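J.:
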Amino acid sequence: LRVLALDGGGVKGLVQLQVLQYLCDEIGLRDTVHISTFFDLMVGSSIGGICALGLGTRKWSLEECRMKFLKFTEQIFAPKSCFG
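Rendered as C-alpha cells:
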C-alpha cells in the first residue's frame, strides 16, 4: 500500500508541496504524470487534508494546490476588525 500522508500546521503544508514538486522535477515528471498515480491512498490533517483531497480527487497539480493553499490562508487568516 503506497500512502502519501500530508501534515497540517500552516506553513508546513506549503513546504510539503514544495518538496513534492522538487522531487517530481528531479525525476522529470513535472507535467507528464500526475502525482496521484504513485499513491494508493492520500491522507492528511488540516491543510494537509485539503491538499490530499485536491490532489487525489480533484486532480489538482502541485502548483494548483500551492496556489489554492495560499488563497485559503489569506481567507482563513484575514485580519478582522473588532468593530465588524
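Mapping the sequence shown onto this note's numbering, position 17 (from 1) lands on 984, and the numbers just tick up by one. Where a beta carbon is used, it is the ideal one built from N, C-alpha and C, also for glycine. Quick caveat: nothing in here was measured; it's all calculated off a predicted structure.
Here's a check: name, in chain order, each residue in its chain whose Cβ is nearer than 6 Å to the Cβ of I1014, leaving out the five neighbours to either side.
T.: Taking the first residue of the sequence shown as 1, we reach residue 1014 at position 47. Hits under 6 Å: G975, G980.
J.: Does the count of Cβ pairs from the region 989–1002 and the region 1034–1044 closer than 8 Å reach three?
T.: They do not touch, by the three-pair rule.
J.: Output the residue ranges of the alpha helix (DSSP H) runs that lie fully inside the region 976–1018 and measure 4 residues or longer, sorted by chain position.
T.: Those alpha helix (DSSP H) runs which fall completely within the region 976–1018 and span 4+ residues are 978–993.
J.: List the endpoints of the continuous beta strand (DSSP E) containing L971.
T.: In the sequence shown, residue 971 corresponds to position 4, counting from 1. Element bounds for L971: 970–973.
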